[in-house]
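Asks: In UniProt numbering, the protein residues as written are 1 to 203.
Glycine residues also receive a C-beta, built at the ideal position from the N, C-alpha and C atoms.
Note that the coordinates shown come from a computational prediction; the quantities given were computed from them, not determined experimentally.
Got a structure for you, questions after.
As structure tokens, then:
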């Protein structure tokens with residue numbers, strides 16, 4: 001199954017994703033530049049144009065793409081479609097938080113319903129996912145203290161950039177820069193740990 005789907009730029013996005021998985025920092029910058037508008041556009045429609053939350057979602061989605069590239073499968077659709085699924089999932093999380101609705105797992109996460117999160121994962125795939133999680137934590141430990149703390153707050157604690165800026169008494173733009181540089185350095189660290197090609201890479 002092809003990944004172009006006839007849309008302008010879609011194939012380029014797939015090619016950049018492949019290069020990024022191989023450790024190309026130039027491809028990372030270009031992928032970020034092309035993927036961000038797509039993610040922001042979807043997030044804007046779902047979040048009512050809240051720029052701050054849109055950018056938070058964008059960083060969260062791209063961090064997921066960088067840290068878990070093996071979750072993308074060309075057979076299931078284009079990179080564009082995968083980004084859309086991830087974005088909708090993160091937006092739904094934020095809408096639930098905004099409305100203070102406690103669902104307590106009555107509903108499966110959005111990406112599981114679309115089989116992106118390994119709902120039919122075999123036992124060995126679950127083991128690999130656990131190993132990758134450990135690799136991600138190790139990669140985070142290699143970042144400097146500020147970048148590590150910022151990414152941890154955004155990715156694990158799901159705090160917004162505005163919340164962090166207020167808590168740490170720094171400009172929102174500073175938090176945004178820390179996330180961007182942190183993503184770049186995290187990608188390099190994951191590559192050094194052997195995860196640039198995903199957990200399926202044979203050797």
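My output table needs one value for residue 143: the three-state DSSP class, helix, strand or coil.
Replies: Coil at residue 143, not helix or strand.
Asks: If we count the other Cβ atoms within 10 Å of its Cβ and call it buried at 16 or more, is residue 43 buried or exposed?
Replies: buried
Asks: With three or more beta-carbon pairs closer than 8 Å as the criterion, would you say the region 160-174 touches the region 39-58?
Replies: yes
Asks: On the DSSP letters alone, give me the boundaries of the alpha helix (DSSP H) that residue 188 sits inside.
Replies: 172-192
Asks: Report the rounded CA-to-CA distance for residue 96 versus residue 46, giving the unit in angstroms.
Replies: Spanning the two alpha carbons is a distance of roughly 12 Å.
Asks: Pairs of beta-carbons, one from the region 63-80 and one from the region 10-27, closer than 8 Å: are there three or more?
Replies: Judged by Cβ distances under 8 Å, the region 63-80 makes contact with the region 10-27, as three or more pairs qualify.
Asks: On the CB-based measure, 16 or more other CB atoms within 10 Å of its CB, does residue 192 come out buried or exposed?
Replies: With fewer than 16 Cβ atoms within 10 Å of its Cβ, residue 192 is classed as exposed.
Asks: Beta carbon of residue 28, beta carbon of residue 184: below 8 Å?
Replies: With respect to the 8 Å criterion, residue 28 and residue 184 are classified as neighbours on the basis of their beta carbons.
Asks: Would DSSP call residue 32 helix, strand or coil?
Replies: helix
Asks: Leaving aside the five residues before and after residue 140 along the sequence, list all residues of the same chain whose C-beta is less than 6 Å from its C-beta, in chain order.
Replies: Cβ neighbours of residue 140 beyond the five flanking positions: 148.
Asks: Does DSSP classify residue 50 as helix, strand or coil?
Replies: coil
Asks: Would residue 179 pass as a contact of residue 143 if the rule is Cβ separation under 8 Å?
Replies: no
Asks: With distances taken Cα to Cα, identify the nearest neighbour of residue 16 among 60, 40, 69, 48.
Replies: Distances from the alpha-carbon of residue 16 to those of 60, 40, 69, 48 put 69 closest.
Asks: Rounded C-beta distance between residue 175 and residue 164? I'm assuming under 8 Å.
Replies: 5 Å
Asks: Among the residues of its own chain, which have a CB less than 6 Å from the CB of residue 79, if the five just before and after it don't count?
Replies: 13, 14, 17
Asks: Exposed or buried, residue 170, counting other C-beta atoms within 10 Å across all chains shown (16 or more means buried)?
Replies: exposed
Asks: Count the other C-beta atoms from every protein chain shown that fall within 10 angstroms of the C-beta of residue 6, then say buried if there are 16 or more, exposed otherwise.
Replies: Unreliable positioning characterises residue 6 in this predicted model, as indicated by a pLDDT of 41, which lies under 50. A coordinate reading is not provided.
Asks: For residue 35, tell me which candidate among 83, 166, 177 has the shortest Cα-Cα distance.
Replies: 83
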